[in-house]
């Protein structure tokens, strides 16, 4: 990659998220059967081995054509765009849309749908042309 394309890609990349999770479902098919668990457990689908992350930190679900997240009873909380997400047994899950910042404890992510991912990929590919 040339220096110009590296700089262009860096300028288009998310700037404040430490990690980016891409959800890329097939059209009309739920991307996962029931939920995706986030935590330090070896059985977590999204395993994050970091001290601010609880064993079972959060749960993502695909519901009514969109994504939602619930806190799994974590010690350090789950947040969407810095708004606190309720625990799974104490409130409704919070809708997550492409571009939202999702924080588990001290670890930041950006949630992207497939359309947003493809748009970013096209921009990065043609940034130096």
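Numbering (the numbering used here), first residue to last: 297 to 425. C-beta atoms are modelled at their ideal positions from N, C-alpha and C, and glycine is treated no differently.
If you draw a straight line from the C-alpha of residue i to the C-alpha of residue j, how long is it?
i	j	result
residue 338	residue 414	30 Å
residue 377	residue 418	26 Å
residue 416	residue 374	26 Å
Considering only residues of the same chain and omitting the five flanking positions on each side of residue i, which have a CB-CB separation below 6 Å?
i	result
residue 353	334, 335, 368, 370 and 400
Go ahead and label residue i buried or exposed: buried means 16 or more other beta carbons lie within 10 angstroms of its beta carbon, across all protein chains shown.
i	result
residue 389	buried
residue 380	exposed
Give every residue of the same chain whose Cβ lies closer than 8 Å to the Cβ of residue i, excluding the five residues on either side of it in the sequence, and list them in chain order.
i	result
residue 384	355, 366, 367, 368 and 369
residue 395	406, 407, 408 and 412
residue 393	362, 363, 407 and 409
residue 330	357
Quick one: give me the first and last residue of the beta strand (DSSP E) that residue i is part of.
i	result
residue 359	354-359
residue 427	Summary: the structure shown does not reach residue 427, with the chain confined to residues 297 through 425, and so no result is reported for it.
residue 333	332-335
Is there at least one Cβ from chain D nearer than 8 Å to residue i's Cβ?
i	result
residue 401	Reference to chain D is not applicable here, since this structure consists of a single protein chain.
Just to confirm my understanding: we take residue i, look at its own chain, exclude 5 residues before and 5 after, and list those with CB closer than 7 Å. What are they?
i	result
residue 311	No answer about residue 311 holds up, because its pLDDT of 47 lies below 50 and its placement is not dependable.
Quiz item: Going along the chain, which unbroken runs of the beta strand (DSSP E) with 3 or more residues stay wholly within the segment 370-404?
Solution: Runs found: 374-376, 390-392 and 397-400.
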